[in-house]
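To start, the structure under review is shown below, and the notes come after it.
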Amino acid sequence: MGRIHSSVVCADRRGVLIFFLFLQAFNFSGSTDDVTDVYPDCPSPVQKYAFRCFTSYNTHMLNMMKSSATLFSGVDVEILRGFCSSYNQAMICIRNMKKICPKSLHQKIEVTQMNLQGAEPELSALCNDDEIYERYARHMTCLREFGSYSERCFRNEMNSSIRLMQWISEDNVYQLCSDLHRAVDCITSKIGRWCGPEAAQLIPVLLKPMVRKSTMCDVISVSDLTSTWMTTSQHRQNRQKTATSKPTYRSPEMDTSAQSQVINADNSSSSLHINLITTILEIAYQLIFIALLVTNY
């Protein structure tokens, strides 16, 4: 009788052990059966399909980067239209994938948006404006005519010569916003007289996508920025002196992640640290994107 009881107990233990091993293996596999059964429309591998959402966007981003003019200095309206259309389509594609895939896979989907980090609010404000193309087309020629002046304003105030969506090394958000506010004032003061008030109103919308996280400046009052200008004037002088000596320059001409050129005028240790992190992220994004393309083909 004792042997029978012992055998039953051992059998029960083996059954429980097998059950837990099966459960662990099921969880480790990423619950594939659950995804296919409950989410039959979720593509696999999900990250590869998520990257495909940005195929058209990457092409139009490259066209934007190769243009001789920036957003606020008269880039062709059709380049702007194509860029915004592809951006909106990519965002819709990502949102749709999240709807048809489980939340456990959302992080893998969101990795494909790494190159847009800190820039989505600015791009959405630009590309979700249905009237932007018509208004921009009316003033494109004038913006281009005085484009060199506008770019000089931006370069002098931001200490950077960029194309789109670049990180600009700043000590803090107030310094970034004060510089950005100065750049907007410098450009609009002339564009308003030369191209008209409607053209001047376009400048902030066109300029913000040039700088990641620039929408943070919308919640900072002008009085706060004014005090920042007074307390950081010496810092700005030192930084501009550095810029006139020997700036560090990066220009990835065939960069499909659409990261553009950067001139970093601040050679302090904090700026170098930020630049190093940004470079690592850019390289990681490129390696992931290339690996997915290779495995796909």
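The sequence shown lines up with residues -31 to -1, 1 to 266 when you count with mature numbering (1 follows the signal peptide of the UniProt record, and there is no 0).
C-beta atoms are modelled at their ideal positions from N, C-alpha and C, and glycine is treated no differently.
List the whole-angstrom C-beta distance separating I160 from S119, where the pair is believed to meet the contact cut-off of C-beta under 8 Å. One-based indexing of the sequence shown puts residue 160 at position 191. One-based indexing of the sequence shown puts residue 119 at position 150. So it is a contact: roughly 7 Å between Cβ atoms.
Leaving out five residues before and five after M66 in sequence, what residues of the same chain have Cβ atoms less than 8 Å from its Cβ? By one-based count along the sequence shown, residue 66 stands at place 97. Answer for M66: C11, P12, V15, Y18, A19, C22 and I78, listed in chain order.
Going by beta-carbon coordinates alone, are Y102 and R50 separated by less than 8 Å? The residue labelled residue 102 in the question sits at position 133 within the sequence shown. The residue labelled residue 50 in the question sits at position 81 within the sequence shown. For Y102 and R50, yes; Cβs fall inside 8 Å.
Express the C-alpha separation of K72 and D45 in angstroms, rounding to a whole number. To locate residue 45, count along the sequence shown from 1; it is residue 76. To locate residue 72, count along the sequence shown from 1; it is residue 103. Computed Cα separation, rounded: 40 Å.
Chain D within 8 Å of Y102, Cβ atoms only: The structure shown contains no chain D, having only a single protein chain.
By how many angstroms is the C-alpha of Y26 removed from the C-alpha of I69? By one-based count along the sequence shown, residue 69 stands at place 100. By one-based count along the sequence shown, residue 26 stands at place 57. In a straight line, the C-alpha of I69 is about 22 Å away from that of Y26.
Could you pull out every residue in the same chain whose Cβ sits closer than 6 Å to the Cβ of T157, ignoring the five residues on either side in sequence? Position 188 of the sequence shown, counted from the first residue, corresponds to residue 157. So the list reads A169 and I172, once near-sequence residues are dropped.
Please classify V44: does DSSP put it in a helix, a strand, or coil? Residue mapping note: residue 44 aligns to position 75 of the sequence shown, counting from 1. Note: V44 maps to coil in three-state DSSP.
Whole-angstrom Cβ separation of L176 and F41, contact assumed at under 8 Å? For the purposes of this step, residue 176 is identified with residue 207 of the sequence shown, where counting begins at 1. For the purposes of this step, residue 41 is identified with residue 72 of the sequence shown, where counting begins at 1. With a Cβ gap of about 5 Å, L176 and F41 count as contacting.
Work out the CA separation of T184 and residue 314 for me, nearest whole Å. Outside the modelled stretch of the chain, which goes from -31 to 266, sits residue 314, for which no answer is possible.
Output the boundary residues of the alpha helix (DSSP H) element that contains V180. By 1-based counting over the sequence shown, the position of residue 180 is 211. Neither: V180 is in no alpha helix (DSSP H) and is coded neither H nor E.
Considering just the uninterrupted stretch of the alpha helix (DSSP H) at N97, what are its terminal residues? The count along the sequence shown starts at 1 and reaches residue 97 at position 128. Run containing N97: none; DSSP gives neither H nor E here.
Assigned secondary structure, P9 (DSSP; H/G/I helix, E/B strand, else coil): Residue mapping note: residue 9 aligns to position 40 of the sequence shown, counting from 1. Of the three classes helix, strand and coil, the one that applies to P9 here is coil, per DSSP.
On the three-state DSSP scale, how would you describe Q86? Position 117 of the sequence shown, counting from 1, holds the residue named residue 86. Q86: coil per DSSP, three-state reduction.
On the criterion of 16 or more Cβ atoms from any shown chain inside 10 Å, does S147 qualify as buried, or is it exposed? In the sequence shown, counting from the first residue as 1, residue 147 sits at position 178. Buried is the call here.
Through-space distance from T81 to T110, alpha-carbon basis: The sequence position of residue 110 within the sequence shown is 141, counting from 1. The sequence position of residue 81 within the sequence shown is 112, counting from 1. Approximately 36 Å, taken between the alpha carbons.
Pairwise C-alpha distance: E167 and Q58: By one-based count along the sequence shown, residue 58 stands at place 89. By one-based count along the sequence shown, residue 167 stands at place 198. Roughly 28 Å between the two C-alpha positions.
With H, G and I counted as helix, E and B as strand and the rest as coil, what does DSSP make of T110? Sequence index remark: in the sequence shown, residue 110 carries index 141 (1-based). Three-state result, T110: helix.
Straight-line gap, D154 to E91 (C-alpha atoms, nearest Å): The sequence position of residue 154 within the sequence shown is 185, counting from 1. The sequence position of residue 91 within the sequence shown is 122, counting from 1. The alpha-carbon atoms of D154 and E91 are separated by roughly 18 Å.
Whole-number beta carbon distance between S36 and I48, since they are thought to touch under 8 Å: Counting from one through the sequence shown, the residue named residue 48 turns up at place 79. Counting from one through the sequence shown, the residue named residue 36 turns up at place 67. Contact holds; Cβ gap of about 6 Å.
On the premise that G43 lies in contact with L112, defined as a C-beta separation below 8 Å, what is that separation, rounded to the nearest angstrom? Numbered from 1 along the sequence shown, position 143 holds the residue referred to as residue 112. Numbered from 1 along the sequence shown, position 74 holds the residue referred to as residue 43. Contact holds; Cβ gap of about 4 Å.
Could you give the DSSP three-state label for F23: helix, strand or coil? Walking along the sequence shown from the start, residue 23 turns up at place 54. Correct three-state label for F23: coil.
Own chain residues within Cβ distance below 8 Å of Y8, not counting five before or after: Your numbering for residue 8 matches position 39 in the sequence shown. I69, C70 and P71, listed in sequence order.
V153 - containing alpha helix (DSSP H), residue span: Against the sequence shown, residue 153 aligns to sequence position 184. Looking at the DSSP string, the run of the alpha helix (DSSP H) that includes V153 is V142 to C164.
Where do the ends of the alpha helix (DSSP H) carrying C122 lie? Against the sequence shown, residue 122 aligns to sequence position 153. Element bounds for C122: G116 to M127.
Using 10 angstroms around the beta-carbon of T24, count the other beta-carbons present and answer buried if the total reaches 16, otherwise exposed. Residue mapping note: residue 24 aligns to position 55 of the sequence shown, counting from 1. Burial call: exposed.
Of the listed residues A106, N125 and I63, nearest to R151 (C-alpha basis): What you label residue 151 is simply residue 182 of the sequence shown in a count that begins at 1. Selected option, being the one with the closest Cα: N125.
Specify the secondary structure class of M199 as computed by DSSP and reduced to three states. On the sequence shown, residue 199 is found 230 positions in, with the first residue counted as 1. In this prediction, M199 has a pLDDT of 42, which is less than 50 and means its spatial position is unreliable; nothing more can be read from the coordinates.
Run the CB neighbour count on I61, radius 10 Å, all protein chains shown included, and call it buried at 16 or more, exposed below. As a first step, residue 61 is located in the sequence shown; it is residue number 92 there, counting from the start. It counts as exposed.
Ends of the alpha helix (DSSP H) at K77? Numbered from 1 along the sequence shown, position 108 holds the residue referred to as residue 77. Here the alpha helix (DSSP H) through K77 covers H75 to E79.
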